[in-house]
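Worksheet: the structure to be examined is printed underneath.
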Amino acid sequence: MNTDWQSVSPSHRSGNPLYERGQTSSGSSRSKETPPGDQETAEQSETRTEAASDGNQPQAAADDLDPNDIWQKTLHELALQMPATTFETWVRDTSIIGYAEGEFIVGAPHAWARDWLQNRLRRKIKDILNQLTGRSVQVFFEVRPQSQKQPDSPDSAPLYANIPLAAPETKPAEVDPSPPPASRTPTAPPRRRDTVQTPAAAAATRSDAPLQSGVFNPRYTFDSFVVGNHNRLAHAAAQSIVEQPGHRFNPLFVYGGVGLGKTHLLHAIGHAMSRQGMQVLYCSSEQFTNDLISAIRQQNTEEYRNKYRQVDLLLIDDIQFIGGKESTQEEFFHTFNHLHAAGRQVVISSDRPPKEIATLEARLRSRFEGGLQADISQPDLETRVAILQSKAQSIDQPVSTDVLMLIAERVESNIRELEGALNRLIIQAPFHDRQLDRSVAEEILDTLVPQRRPREATSVVQIVAKHFHLTTEDLLGRSRTKEIANARQLAMYLLREENGLSLINIGELLGGRDHSTVRHGVEKIAQDIERDEGARREVVALREKIYEPPGS
Numbered sequence: 000m001n002t003d004w005q006s007v008s009p010s011h012r013s014g015n016p017l018y019e020r021g022q023t024s025s026g027s028s029r030s031k032e033t034p035p036g037d038q039e040t041a042e043q044s045e046t047r048t049e050a051a052s053d054g055n056q057p058q059a060a061a062d063d064l065d066p067n068d069i070w071q072k073t074l075h076e077l078a079l080q081m082p083a084t085t086f087e088t089w090v091r092d093t094s095i096i097g098y099a100e101g102e103f104i105v106g107a108p109h110a111w112a113r114d115w116l117q118n119r120l121r122r123k124i125k126d127i128l129n130q131l132t133g134r135s136v137q138v139f140f141e142v143r144p145q146s147q148k149q150p151d152s153p154d155s156a157p158l159y160a161n162i163p164l165a166a167p168e169t170k171p172a173e174v175d176p177s178p179p180p181a182s183r184t185p186t187a188p189p190r191r192r193d194t195v196q197t198p199a200a201a202a203a204t205r206s207d208a209p210l211q212s213g214v215f216n217p218r219y220t221f222d223s224f225v226v227g228n229h230n231r232l233a234h235a236a237a238q239s240i241v242e243q244p245g246h247r248f249n250p251l252f253v254y255g256g257v258g259l260g261k262t263h264l265l266h267a268i269g270h271a272m273s274r275q276g277m278q279v280l281y282c283s284s285e286q287f288t289n290d291l292i293s294a295i296r297q298q299n300t301e302e303y304r305n306k307y308r309q310v311d312l313l314l315i316d317d318i319q320f321i322g323g324k325e326s327t328q329e330e331f332f333h334t335f336n337h338l339h340a341a342g343r344q345v346v347i348s349s350d351r352p353p354k355e356i357a358t359l360e361a362r363l364r365s366r367f368e369g370g371l372q373a374d375i376s377q378p379d380l381e382t383r384v385a386i387l388q389s390k391a392q393s394i395d396q397p398v399s400t401d402v403l404m405l406i407a408e409r410v411e412s413n414i415r416e417l418e419g420a421l422n423r424l425i426i427q428a429p430f431h432d433r434q435l436d437r438s439v440a441e442e443i444l445d446t447l448v449p450q451r452r453p454r455e456a457t458s459v460v461q462i463v464a465k466h467f468h469l470t471t472e473d474l475l476g477r478s479r480t481k482e483i484a485n486a487r488q489l490a491m492y493l494l495r496e497e498n499g500l501s502l503i504n505i506g507e508l509l510g511g512r513d514h515s516t517v518r519h520g521v522e523k524i525a526q527d528i529e530r531d532e533g534a535r536r537e538v539v540a541l542r543e544k545i546y547e548p549p550g551s
């Protein structure tokens, strides 16, 4: 290699174009300050300086050091330590664009990659280079120039080695590889394909008004949303933010099990606010991640941010799926902050409350909990009947109350299955050549929704013990530790409510306890279910386990 190994220690940077230029030809800049997330303490800086100047530090002969070869070995080591898709997205298409004694300048294809490498990988890269070179080195990141031509300034020419660029070979990303967000504020309009149509007056005054409707399900409106005790708070909060978006409940965090109406409520909010001429964007957390990956690969990240940050209302469904995706969480964190600071409304849905999303970053959890959390639970019998009546009316199919009551009694899990059972019953009823009454409905439902029955009482005790990683002997014994006592009381509750055993029989089954102890345990769990969402979910999970599969 025809490389001049000119020393570029900090004292030599003055007057050197490589270090003084504020912008590269690609619009990148290297800040003189340590980027956020990678700041060194004074003690660390002093230690680093001493290590760099330590005369006993093993040194590789300058003539023997090939930066290109060193970087290829570094890439190989990184590929072994990183997820393949993350490596392909951020690291593979990098190269050494400058080297001087003890300092490597890594060229990245764009600013997002540069920032990601600086904030996420600098320490690891530095450690690998230290090992490979046998010296303490420094690493800097730049947006790689469009070509590897020698720079115009003769002063900077010796700093650039004649090293070919790494061949770009980007594969589709399958993980969540978002970079740290840029500091600048988006200015471009959002992409039109994911927004909803606003009134003509708004379209006439805004060139960026969305042009395509149909994003929201036309059936999912407030008018078709059946309100009961299980969803009253969520419904009231949703209507409140339509009247005053961005004020009282921001964010609104709606959570509950599958098929209970969370998406319906989000669509209803979207319908109502889009009719007010507001820009509304609805998407799943999966779409948020996919759009991010696409933006990175197409290098249109500014458009991506504009899409999500220049709306009046952002509706995100199933936010729990960003758990564990560190970079997507970071991008959503800054998107959320941008909207919240601007007084824009954010509505989020999840299958569990923020505190139960185990891999959710604390800073996001804090923001989600800073608004209103509204639970949607399983509807009671009366509400299930009302939901079925609304569904029958919407499809113009008269069904007797007896039949609707039967369906509501047989299907307790969620609204989706409830409506599905009604649809299947209506479709199959004509084949029975009789009027759709309760007896016909029972015949059809016996095949569609077989009645389940709880397992034997002894099996219920075993299932509860296993659920809490205990033994049956623990529940039958005399231990009063909190964990065992709670599991024992849950077993009492299930045996009473699901198996229908008497208090005396339950007491005998659980180690000879008297009926007053059993009554206390059953009442305590019933109270816990009323006031504690965690206890309610525990009972639902156990209830599913203790029932035999239909038809068994």
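For the sequence shown, numbering that gives the first Met the number 0 gives the first residue as 0, with consecutive numbering after it. All C-beta atoms in this analysis are idealised placements derived from N, C-alpha and C, irrespective of residue type, glycine included. Everything numeric in this text was worked out from a predicted model, so none of it was measured.
The stretch 428-439 and the stretch 456-473 do not touch, with fewer than three beta-carbon pairs separated by less than 8 Å. DSSP places F331 inside the alpha helix (DSSP H), whose first and last residues are E325 to A340.
If you check the CB distance, W111 and T300 come in under 8 Å.
When Q392, N498 and R535 are compared, the shortest CA-CA separation from P352 is found for R535. Spatial neighbours of L77 in its own chain (CB-CB distance under 8 Å, excluding positions within 5 residues in sequence) are listed in chain order as F86, V90, L120, K123, I124 and I127. In this structure, L417 sits near I386, with a CB-CB distance shorter than 8 Å. With three or more CB-CB distances shorter than 8 Å, the stretch 309-329 counts as touching the stretch 275-293. Take G342, set aside five residues on each side of it, and the residues of its chain with a beta-carbon closer than 6 Å to its own are G245, in chain order. Comparing alpha-carbon positions, the option among M491, I318 and V539 lying closest to K354 turns out to be I318. Listed in chain order, the alpha helix (DSSP H) runs fully inside the stretch 219-261 are 231-242, counting runs of at least 4 residues. In the structure shown, the three-state DSSP call for V142 is strand. For I545 against E472, the beta-carbon gap comes to about 19 Å, at or over 8 Å, which does not count as contact.
Nearest to L489 by alpha-carbon distance, out of Q526, N336, N67 and A340, is Q526. If you draw a straight line from the Cα of H75 to the Cα of F140, it comes to about 19 Å.
Annotated as proximal: G322 and T358, with beta-carbon spacing under 8 Å. DSSP assignment within the stretch 424-500 yields the following whole alpha helix (DSSP H) runs of 4 residues or more, N-terminal first: 437-447, 456-466, 471-475 and 481-496.
Around the CB of V136, 16 or more other CB atoms lie within 10 Å, so the residue is classed as buried. Distances from the alpha-carbon of L502 to those of R487, V521, A484 and N485 put V521 closest.
DSSP places I104 inside the beta strand (DSSP E), whose first and last residues are E102 to A107.
Ranked by Cα distance from L371, the options L508, K390, W115 and V345 are led by V345. Apart from the 5 residues on each side of it in sequence, D513 sits with its Cβ closer than 6 Å to the Cβ of G506 in its chain, given in chain order. Judged by DSSP secondary structure, A385 falls outside any beta strand (DSSP E) and instead within the alpha helix (DSSP H) spanning L380 to S393. In the structure shown, A271 falls within a helical segment according to DSSP collapsed to helix, strand and coil. Ranked by Cα distance from L380, the options D374, Q388 and A373 are led by Q388. Between the beta-carbon of G258 and that of R383 there is about 12 Å, and that puts the pair past the 8 Å contact cut.
Between V402 and L363, the gap from beta carbon to beta carbon reaches 8 Å or more. Here L291 is near Y303, since their CB atoms are less than 8 Å apart.
In the same chain as I443, and ignoring 5 residues on each side of it, the C-beta atoms closer than 8 Å to its own belong to R423, L424, Q427, A428 and H431, in chain order. Beta-bridge partners of A373 (DSSP): V253. A distance below 7 Å between beta-carbons, with the five flanking residues on each side excluded, links L475 to the following residues of its chain, in chain order: L509 and G510. A distance below 8 Å separates the beta carbons of A391 and V398.
Distances from the CA of E543 to each of V517, E529 and R452 were compared; the closest alpha carbon is that of R452. When the five nearest sequence neighbours on each side are left out, the beta carbons in the same chain lying within less than 6 Å of the beta carbon of R487 are those of L474, in order along the chain.
With a cutoff of 8 Å on beta-carbon distance, L232 and A83 are scored as not near each other. C-alpha of P108 to C-alpha of I295: approximately 11 Å in a straight line. Cβ-Cβ distances below 8 Å link G533 to E355 in the same chain, with the five nearest sequence neighbours on each side left out; the list follows chain order.
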